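In my numbering, the protein residues as written are 46 to 358.
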């Protein structure tokens with residue numbers, strides 16, 4: 046006798062939300078309700094839309110502002126889910142919702158590493174050699190429940206957080222795809238989430254992208270990689286007679302050695318040598334900056350040289 050399909054309520058957003066929702070649909074899960082977010086006009090929306098997928102598939106969806114509202118709890122209860130999932134939904138779910146049905150969250154790291162917000166960005170910032178996705182049981186404490194499935198992906202030395210996030214999206218899809226049959230029949234494994242390992246990290250703000258050029262070049266380069274566009278970007282301010290100019294690094298590479306045209310006593314900060322834009326760091330190593338933005342427009346090496354000379358004069 047064929048088992049009836051499991052009903053699910055899914056909290057989802059972003060690329061991971063889209064891909065994992067598609068996995069559930071492909072696996073025969075009856076998605077009774079999707080809870081997602083309204084896209085903000087103030088945000089750079091570079092990712093796929095869960096709402097658009099719901100409209101395409103005819104799945105009921107809502108976009109509540111408050112995850113603790115009684116109205117949301119009633120909608121979730123009315124859906125009578127057997128399971129609940131959270132795929133990059135941006136709010137913590139209250140205990141009242143978690144009590145409705147077994148709930149699982151997809152987190153963008155290899156738990157217990159990089160628990161909390163922006164795990165991919167933090168992993169790149171800390172120079173990690175791998176990232177991944179972890180499906181785990183949801184508890185009221187974030188990223189603390191038992192691990193059901195994991196998939197690792199490499200972080201290459203020049204990968205930006207955007208590139209790593211693309212890999213993590215695939216990792217999330219693979220992790221869920223592999224364990225979904227066992228989740229549906231109740232045989233999925235549970236591995237304790239050892240919270241004595243790893244660490245918890247908070248959200249990041251644009252101001253966290255400010256460059257301290259006195260730091261070693263690898264740290265500066267990791268910061269650039271962690272926040273490179275479409276994230277806000279690593280930036281540096283230069284004081285001029287006309288006011289503060291804010292330069293944002295769009296693209297850069299860490300050079301194995303300083304160019305011959307750069308003076309040995311070059312001060313940390315932006316510089317121009319051999320018609321190239323450079324970032325001189327505290328240990329004497331240098332970033333070759335292939336894209337530098339000022340007021341969202343590309344700055345040439347010649348223009349930057351003039352601007353830096355004007356600032357020094």
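Idealized CB from N, CA, C, for every residue including glycine. Note that the structure is predicted; figures quoted are calculated from it, not measured.
Own chain, CB closer than 7 Å to residue i, minus 5 neighbours either side, in chain order
i, result
"residue 141", "118"
"residue 328", "261, 262"
"residue 95", "57, 58, 62, 63, 66, 79, 81"
"residue 201", "none"
"residue 346", "317, 320, 321, 322"
"residue 255", "280"
"residue 47", "Because residue 47 carries a pLDDT of 49, less than 50, the predicted location of this residue cannot be relied on, and no value is offered for it."
"residue 192", "156, 179, 181, 236, 238"
"residue 240", "157, 189"
"residue 170", "267, 268, 271"
"residue 233", "193, 224, 227"
Nonlocal neighbours in the same chain, by C-beta distance under 8 Å from residue i, ignoring five residues either side
i, result
"residue 223", "194, 196"
"residue 108", "80, 81, 82, 83, 96"
"residue 343", "295, 336, 337"
"residue 228", "128, 149, 193"
Residues near residue i in its chain [Cβ-Cβ closer than 6 Å; skip 5 each side]
i, result
"residue 172", "267"
"residue 298", "333"
"residue 338", "293, 295"
"residue 282", "289, 291"
"residue 225", "72"
"residue 131", "56, 150"
"residue 359", "Residue 359 lies beyond the stretch modelled for the chain, which goes from 46 to 358, so this question has no answer here."
"residue 300", "331, 333"
"residue 212", "198"
Where the alpha helix (DSSP H) containing residue i begins and where it ends
i, result
"residue 12", "Residue 12 lies beyond the stretch modelled for the chain, which goes from 46 to 358, so this question has no answer here."
"residue 277", "Run containing residue 277: none; DSSP gives neither H nor E here."
"residue 292", "Element bounds for residue 292: not the alpha helix (DSSP H) but the beta strand (DSSP E), 288–299."
"residue 170", "164–170"
"residue 117", "115–123"
DSSP-derived helix/strand/coil call for residue i
i, result
"residue 64", "helix"
"residue 253", "helix"
"residue 195", "strand"
"residue 330", "coil"
"residue 155", "coil"
"residue 355", "helix"
"residue 142", "helix"
"residue 315", "strand"
"residue 267", "helix"
"residue 69", "helix"
"residue 302", "coil"
"residue 325", "strand"
"residue 342", "strand"
"residue 260", "coil"
"residue 148", "strand"
"residue 235", "coil"
"residue 201", "coil"
"residue 337", "strand"
"residue 135", "coil"
"residue 415", "For residue 415 there is no data in the structure shown, the boundaries of the chain being 46 and 358."
Of the listed residues the options, nearest to residue i (C-alpha basis)
i, options, result
"residue 104", "80, 84, 123", "80"
"residue 75", "92, 289, 99, 60", "99"
"residue 247", "187, 126, 182, 174", "187"
"residue 331", "348, 285, 306", "306"
"residue 138", "185, 168, 170", "185"
"residue 250", "166, 178, 183", "166"
"residue 134", "120, 152, 126", "152"
"residue 349", "326, 315, 49", "315"
"residue 106", "122, 278, 77, 91", "77"
"residue 38", "127, 122, 216, 231", "Because residue 38 is not part of the residues shown, which for the chain are 46 to 358, the question remains open."
"residue 356", "285, 143, 336", "285"
"residue 114", "128, 136, 101", "136"
"residue 252", "265, 264, 278", "278"
"residue 210", "60, 49, 51", "60"
"residue 325", "229, 49, 309", "309"
"residue 93", "353, 214, 219", "214"
"residue 125", "258, 287, 144", "144"
"residue 120", "154, 208, 54", "54"
"residue 287", "91, 52, 353, 231", "353"
"residue 259", "313, 123, 122", "313"
Beta strand (DSSP E) segment containing residue i, residue limits
i, result
"residue 93", "From DSSP, residue 93 is part of no beta strand (DSSP E); its letter is neither H nor E."
"residue 53", "52–57"
"residue 179", "175–182"
"residue 79", "75–80"
"residue 128", "128–132"
Please determine if the segment 234–245 and the segment 157–165 are in contact, where contact requires at least 3 C-beta pairs separated by less than 8 Å. yes
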